[in-house]
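Peer 1:
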Amino acid sequence: MATTEQVLKPVTLKEYKGKVDPDWCPGCGDFGVLAALQKALVDLQIQPYNVVTISGIGCSSNLPGYVETYGMHTLHGRALAVATGVKMANHDLTVVVTGGDGDGFGIGGNHFIHTMRRNVDLLYLAMDNQIYGLTTGQVSPTSRVGMKTKSTPFGSVEGPINPIALALAAGATFVARGFTGDQKHLTDLIKLGLEHKGFSFIDIFSPCVTYNHDNTYPWFKQRVKKLEDDPAYDASNLQQAFEKAQLWGDEIPTGRFFQRTDLPSLDQAEPVLDTGGPLALRELGIPPEITREFVTELM
Amino acid sequence: MKRTFAVAIGGAAGQGVATPGNIFARIFARRGLHVLAYNAYQSIIRGGHTFLTIRTGPDRVNSFGDHIDLMIPLNQDTMDRHLHLLGPGAAVVYNGDSIKPGSAAEGVRLCALPVSQLTANSRNKVEQNTLCVAAGLSMMGVGFQPLEEVLVHQFKKKGDAVVSENVGSARAAYQYATEHFAPFEHALPMTDAPKAVLTGNMALAMGGAAAGVKFYCAYPMSPSTGVLHWMAAHARKAGIMVRQVEDEIGVINMAIGAAQAGCRAMCATSGGGFALMTEGLGMSAMIETPVVVIDVQRAGPSTGVPTKTEQGDLWQMLGAGHGDYPRAIATPTDIVDCFKLIPEMFNLVDKFQCPGIVLGDLLLSEGTATADPGELDFNVPIDRGELITSANGNGANGYKRYLFTESGISPRAIPGVPHHTHTVATDEHMEDGVLISDEFTNPIKRREMMEKRQRKIAGIEASVPPPELVGPRDADVTLIGWGSTKGVIEEAIELLAGEGVTANHLQIRWMVPLHGEAILEQLRGARHTIIIENNYSGQFARYLRSETSFVPDGHIRKYDGEPFMPHHIVESVKEQLAGKTNLSVPMHEIMV
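Chains S and W supply the protein sequences, listed in that same order. 294 is the number that our numbering gives to position 247 of the first sequence; each next residue is one higher, with no gaps. 176 is the number that our numbering gives to position 178 of the second sequence; each next residue is one higher, with no gaps.
1. Among the residues of its own chain, which have a CB less than 7 Å from the CB of S/Met48, if the five just before and after it don't count?
2. So S/Lys305 and S/Leu285 are supposed to be a Cβ contact under 8 Å. How far apart are they, rounded?
3. Starting from the C-beta of S/Ser187, find all residues in its chain whose C-beta is less than 7 Å away, skip the five residues before and the five after it, and write them out in chain order.
4. Kindly indicate which three-state DSSP category S/Ile333 falls into: helix, strand or coil?
5. Quick one: which residues of the stretch 107 to 137 of chain S get their C-beta closer than 7 Å to a C-beta of chain W? List them in chain order.
6. Along the stretch 436 to 458 of chain W, what residues have a CB closer than 7 Å to any CB found in chain S?
7. Between S/Ile101 and S/Val143, is the Cβ-Cβ spacing less than 9 Å?
8. By the criterion of Cβ-Cβ separation under 8 Å, what are the contact partners of W/Ser232 in chain S?
9. Does any residue of chain W bring its CB to less than 9 Å from the CB of S/Asp168?
10. Could one say the Cβ of S/Ile333 lies closer than 9 Å to chain W's Cβ atoms, at least one of them?
11. Please go through the same chain and pick out, in chain order, the residues whose beta-carbon is closer than 7 Å to the beta-carbon of W/His320, but skip the five residues on each side of it.
12. Indicate the three-state DSSP secondary structure (helix, strand or coil) for W/Asp348 in the structure shown.
13. Could you have a look at S/Glu340 and say whether DSSP puts it in helix, strand or coil?
14. Strictly below 7 Å CB to CB, what residues from chain W border S/Pro95?
15. Of all Cβ atoms in chain S, is any one closer than 9 Å to the Cβ of W/Cys215?
16. Where do the ends of the beta strand (DSSP E) carrying W/Asp293 lie?
17. Quick check: is any heavy atom of the ligand HEM less than 8 Å from the C-beta of W/Lys578?
18. From W/Asn502, W/Ala191, W/Gly552, W/Gly485, pick the residue whose C-alpha is nearest to that of W/Pro470; which is it?
19. Should W/Ala185 be labelled buried (16 or more other beta-carbon atoms within 10 Å of its own) or exposed?
20. Between the beta-carbon of W/Glu446 and the beta-carbon of W/Phe402, is there less than 9 Å?
21. Can you find the residues in the same chain that come closer than 8 Å, C-beta to C-beta, to W/Leu111, ignoring five residues on each side of it along the sequence?
22. Quick check: what's the CA-CA separation for W/Lys450 versus W/Leu493?
23. Could you pull the DSSP bridge partners for W/Cys109 from this structure?
24. Could you check the C-alpha separation between W/Val601 and W/Gly523 for me, to the nearest Å?
25. Using Cβ-Cβ distances below 8 Å, what residues of the stretch 260 to 285 of chain W are close to chain S?
26. What three-state label does DSSP hand W/Pro353 in the structure shown?
27. Check distances from the C-beta atoms of the stretch 9 to 39 of chain W to those of chain S and list, in chain order, the residues that come in under 9 Å.
28. Which residues in chain W sit within 8 Å of S/Lys231, going by Cβ to Cβ distance?
29. For W/Leu504 versus W/Glu459, is the C-beta spacing smaller than 9 Å?
30. Where do the N-terminal and C-terminal ends of the alpha helix (DSSP H) with W/Thr176 fall, by residue?
31. Taking the straight line between their C-alpha atoms, what separation do you get for W/Lys235 and S/Val319?
32. Let me know the secondary structure DSSP gives S/Trp71 once reduced to three states.
33. Helix or strand or just coil, what does DSSP make of W/Thr527?
34. Check whether the Cβ atoms of W/Ser268 and W/Asp293 lie closer than 9 Å to each other.
35. Please list, in chain order, all residues of the same chain as S/Lys134 whose beta carbon is under 8 Å from its beta carbon, the five residues on each side excluded.
36. So the candidates are W/Arg543, W/Glu560, W/Gly9, W/Ile285; which of them puts its Cα closest to the Cα of W/Asp359?
As structure tokens, then:
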């Protein structure tokens, strides 16, 4: 186990290479997320066997199969709930959740909100392409008004959700936005997210080259503007973060919107984890003096 | 016939029916008597009507019975509704200041307590409850001291003033009853083996703790919420993490996550919540991560009657989740069995890496019973199956999570173990976990993996004992039941014997595996078979027929929300043996 066997051999990208190559469409933004994640894990020298990569269902949710860690490719929308269970059972593990905008903000929206309010210590990478790709191109919760898809052939009349503002409102303690077109910036954000003790959310523009002809690489490239380039921006200021989260148009901010480190993560707040190490590695039995008490109170 | 004594307490919700019930149960149990209690109640926090029956005796009590010996109506409504249930020898103890008796049957004693004369604080509306309990105990021949001890135990949290006030009024009422009311014909017996008192929900939770559950999560849903309450109250001492989750979809997925990381993980719900869990159940089977789900049945469909019992979820359990996959389903047969079954189920699902369902019902979960303290033995056998928790010098990569084996069981490595990284997937996959659902679709491999998982079914069947027919093989009638009806059927069989009808009994505890061949063998030569179940359509009868082609001679069913009483079964059996019908649906006489 991680706790008893320290393998000190330096970790390289080779260790993180998956058993098979991704079957994403050529040019898909998700390649960039995979590469940035692998690079960040290597930069931080985290052992692959101490990482659990967890996803739901969708193109981007295939990611755990392409990175050599412990992985769970779960149900559509449920990755964050599963990940909470994994992290609570063994809080020594590094937990990374990946998935798309439909998976996380549509079918999984409820878990998204509650995982943030609980401040579960994990990194959630939402590969946001504003479309349902694996089902061959339908409108998604982040598709813009007017977007024409197979399920909205005359243009969507529904407004999108704002994942950044939603995360800020739900109490996420690390909120950022990345773009696969800027690998270095994305890698830096992922490293910050991995190092953050608490819930880290990165909404990543990961263009769908097959089904989304509106929000393309060039479209994003013209608009994204890094918050880090503005020396006046203070990522500890929630109000400023909310203001920046409203920007969508000629300028779309990327970077770290918000971070606070004064709140305990769920594993830190949970008294059962105060001593004794990860739950999953503990003895199953309960000391007899305690179980005797459980019976005596019934008499 | 075993001698028992039944007390019924009725009143509006919020009037304090539970407290006198708890006082009686504790006094009886400390006296070494067994207790079984059933509370007929409504989904209302204040008002309405609830009717609690507590039956006690020196032997294990099988049901809440057919007769009431002592009734304590806490309001007029209870007196009006239920006085007609009482027969000769029974007594009613009530607040004579506020409740008017109706006309009782011959031989029923109406014992009015002058509450305002007996208590210093007659404005306290729940104090009449304590007075009635004290008077009742006097008539049962129970000394005052046990009541005093239990009152101290019950009210100590509320402070000395409340304790001394309750003890003082209780003493006055006890004295008054001793002077004015004749004792019952038989004084309450006593044994030298005090009992523990617990509900089925507590037993399920404690069973989980004994099994080594380290992660429990739930969304509140009657009548399973008591499991969450016990877990939450004892979590820190027991070293169990308890989480209340946003919905039952989150519950099952969180539990599976904890199980995948290596914990024994459990959750409980009722039919509606279980419906939300079913996709997760399929995931447990597909990624081969064991999890135990408790479904506590209540009267359905949909929201149904949340406070009433039923055995209506069987087919929901059998069909939960799409696709074919191995699962285990067991139905505890009494409250102590709720405790014992959970560790058995964990050993089974850990070994076979599949979901396990414990199918209880409100009658058990919210019912109260006694156990000999020795029956609540937390030191249970633990078998985690083929679980890899350390690399053990195994430096070679090439670990295959879904290795093909004869048993279908593949050794399971938990995250954190070096050299065993792999991805589990709800998509179909190969031995190493790589998907064969997308690019590498392959019918041969799909078939192999399907057969590997399904091979576990034979192992599960061999690990569980078949049900056994109890009683003479040549009995007049064979009664077949499942789960919580065990006790009431046993009692009905005793009553039938008193009327010259011999019966034997087959009670099903394991639904999956069912052991159809063994059941057929047991039923071969049966003279008249009747299946008894607490639902409309005969869900078990249909299941048994689908698995074995067996068709019984008759059915006794009940779907009014209330459990069977012994006489319901006795009368139904008699009418069926007389050839009057092959489907009896007894009417429940107690209206709550």
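Backbone N, C-alpha and C fix where the C-beta goes; we use that ideal spot for every residue, glycine too.
Peer 2: Answer, in terms of the structure:
1. With a pLDDT of 42 at S/Met48, under the threshold of 50, the modelled position of this residue cannot be trusted; read the value that follows with caution. Closer than 7 Å at Cβ, skipping near neighbours: Leu328.
2. For clarity, residue 305 of chain S is Phe in the given sequence; the question names Lys instead. Your pair S/Phe305 and S/Leu285 checks out as a contact, with CB atoms roughly 6 Å apart and the cut at 8 Å.
3. Asp148, Gly149, Gly153, Gln177, Ile178, Tyr179
4. coil
5. Only Pro111, Gly112, Glu115, Thr116, Tyr117, Gly118, Met119, His120, Thr121, Leu122, Arg125, Ala128, Val129, Ala130, Thr131, Gly132, Val133, Met135, Ala136, Asn137 from the stretch 107 to 137 of chain S bring a Cβ to less than 7 Å from some Cβ of chain W.
6. Asp436, Glu437
7. yes
8. Per the sequence shown, residue 232 of chain W should be read as His rather than Ser. Within chain S, the residues near W/His232 are Phe341.
9. no
10. yes
11. Gly280
12. The three-state secondary structure of W/Asp348, taken from DSSP, is helix.
13. helix
14. Thr419
15. yes
16. 289 to 295
17. Of ligands this structure carries none, so the ligand HEM is not represented either.
18. Comparing Cα-Cα distances from W/Pro470 to each of W/Asn502, W/Ala191, W/Gly552, W/Gly485, the minimum goes to W/Asn502.
19. exposed
20. yes
21. Val91, Tyr92, Asn93, Gly94, Gln126, Leu129, Cys130, Ala133, Ala171, Tyr174, Ala175
22. 50 Å
23. According to DSSP, W/Cys109 bridges with W/Val91.
24. The question about residue 601 of chain W has no answer, for chain W in this structure spans -1 to 590.
25. Gly260, Cys261, Arg262, Ala263, Glu277, Gly278, Met281, Ile285
26. strand
27. Arg24, Ala27, Arg28
28. Within chain W, no residue comes near S/Lys231; the closest Cβ sits about 27 Å away, beyond 8 Å.
29. In this structure, W/Glu459 does not lie closer than 9 Å to W/Leu504 by Cβ.
30. 158 to 178
31. 9 Å
32. DSSP places S/Trp71 outside both helix and strand once states are collapsed to three, so it counts as coil.
33. DSSP places W/Thr527 in strand when its eight states are reduced to three.
34. Yes. Within cutoff.
35. Leu140, Val142, Val167, Asp168, Leu169, Leu313, Asp314
36. W/Glu560
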